[in-house]
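Peer 1:
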Amino acid sequence: MPSWYSTIQKELSERIKAEQLTDRRNRDLATLNQIGQRLSRLVSQEEIFKLVSSMLQETMEAKNLLISVFDEPTNSFSFPICVLDWKECNSFHP
Numbered sequence: 045m046p047s048w049y050s051t052i053q054k055e056l057s058e059r060i061k062a063e064q065l066t067d068r069r070n071r072d073l074a075t076l077n078q079i080g081q082r083l084s085r086l087v088s089q090e091e092i093f094k095l096v097s098s099m100l101q102e103t104m105e106a107k108n109l110l111i112s113v114f115d116e117p118t119n120s121f122s123f124p125i126c127v128l129d130w131k132e133c134n135s136f137h138p
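Under the numbering used here, residues 45 to 138 are what the sequence shown spells out, in order.
Encoded structure:
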């Protein structure tokens with residue numbers, strides 16, 4: 045087999061990988077854009093947390109997710125979103 049064949053094959057393989065990476069980044073950017081559009085229509089903190097949770101799970105394929113909120117006046121954390129093995133937890137207490 046000629047040496048130019050393996051060179052072309054390697055270049056083609058690298059180009060395919062680059063296209064796959066570009067496609068993945070484009071999907072992630074589209075998801076972030078959707079988050080921004082949906083957030084602009086929401087009013088409650090609970091709605092925002094649920095949206096961010098579902099979009100993060102979709103984008104990152106995260107079967108476990110914990111979102112925490114820090115309250116400065118009380119110097120404490122709350123955990124409005126807890127997902128374990130794709131199922132929403134009722135509550136989380138560290």
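Even glycine gets a Cβ: it sits at the ideal position worked out from N, Cα and C.
What residue from R82, S112, F121 has the CA that sits closest to V127's CA?
Peer 2: Start at 1 with the first residue of the sequence shown, and residue 127 comes out as number 83. Closest by alpha carbon: S112.
Peer 1: Do R82 and L73 have their CB atoms nearer than 8 angstroms?
Peer 2: Here residue 82 corresponds to residue number 38 of the sequence shown, with the count starting at 1. Here residue 73 corresponds to residue number 29 of the sequence shown, with the count starting at 1. Contact: no.
Peer 1: Compare the Cα-Cα distances from S88 to each of D129, Q64, W48, P124 and report the closest residue.
Peer 2: Counted from its first residue, the sequence shown places residue 88 at position 44. With distances taken between Cα atoms, S88 lies closest to P124.
Peer 1: Locate the beta strand (DSSP E) running through V113, then write down its first and last residues.
Peer 2: As a position in the sequence shown, residue 113 is number 69, starting the count at 1. Note, V113: beta strand (DSSP E), 109-115.
Peer 1: Identify the residues that DSSP records as bridge partners of I79: which are they?
Peer 2: As a working note, residue 79 is residue 35 in the sequence shown. Bridge partners of I79: none, in fact.
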